[in-house]
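> Protein chains in written order, with the working numbering: chain A, 1 to 91; chain B, 92 to 182.
C-beta: ideal position from N, C-alpha, C; glycine also.
Sharing a structure here in structure tokens format.
2 protein chains.
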Amino acid sequence: MQSEEDHENIFLKEKPCRILIEINNPQTDNYPSEIAKATGCTYSHTVRLIQRMENLDLVTSNKEGRRKMLQLTDKGRRIAKSLSETFDELR
Amino acid sequence: MQSEEDHENIFLKEKPCRILIEINNPQTDNYPSEIAKATGCTYSHTVRLIQRMENLDLVTSNKEGRRKMLQLTDKGRRIAKSLSETFDELR
């Protein structure tokens, strides 16, 4: 029953963590659609999670034409770093 | 709707994280019943989570009479430290 178990799933909510870390990744364009693709989340789930992160002051955004460009706040960046280290430790 | 939102809930599964960190806390007796009390989890949920952590080689136990005494493996200790730092960052 627990053969699929891994260390991440027991402690971390994987998708939100991956989204925050991905926004911090300089190799990904920080549009919600690109972040969704890179993390394997649906677009609507990604948008909803990013909205929660904006409410928590971890992410800010500004409009580029019709697209929304995301970036992390200082606090968002610190948390992304810390989650990223935790992922490494859990691997 | 999101007024109860906090930083921990979006990224971390709180109870498993707290249990691992609590086993690492030298001020708590490392019996499942004490860990349950310290983390505010039910006894049965605590026992089930600890069993998963044993399966993942994060926790080991030995019998002391009728009681089970828990301790972290090296890997468990590293993860507890890392999760604990993440909690601090999220606060």
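Check residue 128 of chain B in the structure and name its three-state DSSP category.
Of the three classes helix, strand and coil, the one that applies to residue 128 of chain B here is helix, per DSSP.
> Which word fits residue 82 of chain A, buried or exposed, when buried means at least 16 other C-beta atoms lie within 10 angstroms of its C-beta?
Answer is buried; the Cβ neighbour count reaches 16.
> Using the three-state DSSP reduction, which class does residue 177 of chain B fall into: helix, strand or coil?
It is helical.
> Check each candidate in B/108, B/120, B/177 and B/182 and name the one with the smallest Cα separation from residue 158 of chain B.
Comparing Cα positions, the closest option is B/120.
> On the criterion of 16 or more Cβ atoms from any shown chain inside 10 Å, does residue 22 of chain A qualify as buried, or is it exposed?
Buried: at least 16 other Cβ atoms inside 10 Å.
> Helix, strand or coil: which one does DSSP assign to residue 81 of chain A?
Looking at residue 81 of chain A - three-state DSSP - the assignment turns out to be helix.
> Could you list the residues in the segment 70-86 of chain A with a C-beta less than 7 Å from some C-beta on chain B, going in chain order?
Listed by position, the residues of the segment 70-86 of chain A near chain B (Cβ gap below 7 Å) are 78, 79, 82, 83, 85 and 86.
> Closer than 8 Å, CB to CB, is residue 35 of chain A near chain B or not?
No, its Cβ sits nowhere closer than 8 Å to a Cβ of chain B.
> Would you verify that the beta carbon of residue 107 of chain B is, or is not, closer than 8 Å to some beta carbon of chain A?
By this cut-off, residue 107 of chain B is an interface position.
> Roughly how many angstroms separate the alpha carbons of residue 13 of chain A and residue 153 of chain B, rounded to a whole number?
Their backbone Cα atoms lie some 31 Å apart in a straight line.
> How would you call residue 16 of chain A, buried or exposed, if buried means at least 16 neighbouring beta carbons within 10 angstroms?
That one is buried.
> Among all the DSSP beta bridges, which residues are the ones paired with residue 159 of chain B?
Per DSSP, B/154.
> Within the continuous alpha helix (DSSP H) that includes residue 43 of chain A, where are the two ends?
43-55 is the span of the alpha helix (DSSP H), which, as asked, contains residue 43 of chain A.
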